[in-house]
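**Q**
Residue numbers (my numbering): 3 to 359.
(1) What ranges does the alpha helix (DSSP H) occupy inside the segment 241 to 284, keeping only unbroken runs of at least 4 residues that lie completely in it?
(2) Using 8 Å as the cut-off, can you tell me whether the segment 189 to 208 makes contact with the segment 90 to 97, which would need three or more C-beta pairs spanning the two stretches below that distance?
(3) Determine the closest residue to residue 71 out of 310, 295 and 175, with distance taken between C-alpha atoms.
(4) Just to confirm the assignment: which complete alpha helix (DSSP H) runs, minimum length 4, are found wholly within the segment 129 to 216?
(5) Exposed or buried, what is residue 132 when buried is set at 16 or more other beta-carbons lying within 10 Å of its beta-carbon?
(6) If you draw a straight line from the alpha carbon of residue 319 to that of residue 307, how long is it in whole angstroms?
(7) Can you tell me the Cβ-Cβ gap for residue 177 and residue 62, rounded? I've got them flagged as a contact below 8 Å.
(8) For residue 167 versus residue 67, is the C-beta spacing smaller than 8 Å?
(9) In three-state DSSP terms, what is residue 65?
(10) If residue 106 and residue 142 are in contact, beta carbons under 8 Å, what's the gap, nearest whole angstrom?
(11) Tell me which residues share the same chain as residue 234 and place their Cβ nearer than 7 Å to its Cβ, disregarding the 5 neighbours each side in the sequence.
(12) Within this structure, are the beta carbons of residue 52 and residue 58 separated by less than 8 Å?
(13) Identify which residue in 55, 65, 56 and 311 has its Cα closest to the Cα of residue 183.
(14) Rounded to whole angstroms, what's the CA-CA distance from residue 258 to residue 249? Just pull it up for me.
(15) Can you give the Cα-Cα distance for residue 159 and residue 197, rounded to whole angstroms?
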């Protein structure tokens, strides 16, 4: 209920104008942009056109003054230096009316909240109080409107006071400034339309149609390119997915090969170690066998040497010229020959006594 009343508060405390799309965003013009036809006239010639522009200029001027009232209310020093007290008194009365109106709106909002929270027994009383506040709201709003008109009339009849108030343009709210800029933009558009003749209007309409058709063709081309781009992106994604799958397969295969190589290398190393140990044991066995054979041969050699020495000593003890029957021959070593393997060192000595067999 109270929200409906908020839409009719005074102009200097009105709703935010920032949501109104008055201007388009700045953009860079391309180099080959086709320019619209320029009006052949630069000044208004008809009385009707001049009257329209004067009305719009007067509206912009009034909006500039009205949007500075809130700043003048909150900053009384802005009114210092104005000739006469009429404007200052009217502004103070306007402030009182605005405060009363805002208080009524605040009370109405509180009543709405109470209507939502109170029990059924208090509902009728709150509803009646809210209705009374709404009934008082309309006259108060009308008083604020009338007060704004009175201040505006005083400023219009006193150009010096209006000029002094307009010097406080920096105190204007951003929303009001954007609203004024939108009105000025509307003035420029309307001025250009009033300068345009019917033939130029037809040319402009034709130009707009050409631009529209060109825009449609461009949109079709853009749509086709976007479709092609989407298809290419999809194909690229599928190709990338396939390549990733192949790469993953290669990685898995390489991992298996590395794992197999490591196991094969380990197995080969173990077999080599086993073979080395077996060869070492066989070599040790052969070495032991050779050492045993060497010991056996040394023992045989020693025995042969001893036998030869004994035989030599026995032969030396036999008297020269003496014979011994039945002596067949004796193997002995020549003096200085101690190696039984030395060929020719062992001779068979004939028996000193001839054989009589």
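No residue lacks a Cβ here, since even glycine has one placed at the ideal position from N, Cα and C.
**A** On the basis of the coordinates in this document:
(1) As summarised for the segment 241 to 284, there are no continuous alpha helix (DSSP H) elements at least 4 residues long confined to that stretch.
(2) By the Cβ test, the segment 189 to 208 is not in contact with the segment 90 to 97, since fewer than three Cβ pairs between them sit closer than 8 Å.
(3) 175
(4) 161 to 168 and 176 to 197
(5) buried
(6) 18 Å
(7) Incorrect: roughly 16 Å between the Cβ atoms, too far for contact.
(8) yes
(9) helix
(10) 6 Å
(11) Excluding five sequence positions before and after residue 234, none of the CB atoms of its chain fall closer than 7 Å to its own CB.
(12) no
(13) 65
(14) 14 Å
(15) 32 Å
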